[in-house]
Amino acid sequence: MSLFAIMIGPPGAGKGTLAEYLSEQFKVPVVTTSALIRAAKNQEKAAIEAIMASGKLVDDSIIYSLLEQRLQQDDCQQGYILDGFPRTTAQADFLQTKVKVDFKVLNLQLADEAILQRLSGRRVHPGSGRVYHITYNPPQQEGLDDLTHEPLVTRDDDQAEVIKHRLDVYHQQTAPILHWIKSASCIEKIITIDATGSFEQVQQQALSGLS
């Protein structure tokens, strides 16, 4: 069964986790902007490294080129899930102009207060990447990894002020896409998902909406 989907939602809503789950269910790849940048080669990679070294954002034209190349690969012909693209209406317009498929949109909704609690409570073991949460998935010993007993850390992007800034950026740049998708000709269906419940509940909402 084919699936062409776009994941929309604020940071911390669970877009990446749901995208990976749906990828396994429908046997289609997840395409992320970060993966496109990591896979860039030759001149594009050199240009990206120079831009990132200067502290600037990678230009949309480079992302567009990488995305077009990726979507032409064999594993994308029966479907794919876009996670992290489009982030702006300009990117959304590019998608409608250049990509000739009909997308289903999975719109994950979660209040800012819940996102702040969810992300600020995360703790990570640097050596392995194991993730804990002080409320939902606490370690056996407070502040220590279950296996190595080494100290857990809070990632820089999980600091409260950073989370608030990420949410501001989302509301300013990405949320307007929701207005765009209501009239875009390339959107087949919009599935609204309440992301406040368990991941199993989120999965069920997604599968029900896609069926």
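The sequence shown begins at 30 in my numbering and counts up one residue at a time.
By construction, the Cβ of each residue, glycine as well, lies at the ideal position given by its N, Cα and C atoms.
- Counting only the Cα atoms, G38 lies some 8 Å from Y199.
- The beta carbon of H162 sits closer than 6 Å to the beta carbons of G150 and R151 from its chain, once the five residues preceding and following it are set aside; these are given in chain order.
- For the pair I144 and S52, the CB atoms are not nearer than the 9 Å cut-off.
- Here L148 is not near A224, since their CB atoms are 9 Å or more apart.
- F114 counts as buried, since no fewer than 16 other beta carbons sit within 10 angstroms of its beta carbon.
- Residues Q202 and T203 of the same chain have their beta carbon placed closer than 7 Å to that of R116, with the five preceding and five following residues left out of the count.
- In this structure, the alpha-carbon of I216 lies about 47 Å from that of T177.
- In this structure E73 is in contact with S94, their Cβ atoms being roughly 7 Å apart against a cut-off of 8 Å.
- Listed in chain order, the non-local C-beta contacts of D175 below 7 Å within the same chain comprise P168 and Q169, local neighbours out to five positions each way being set aside.
- Burial is judged here by how many other beta carbons sit within 10 angstroms of a residue's own beta carbon; K56 has fewer than 16 and is exposed.
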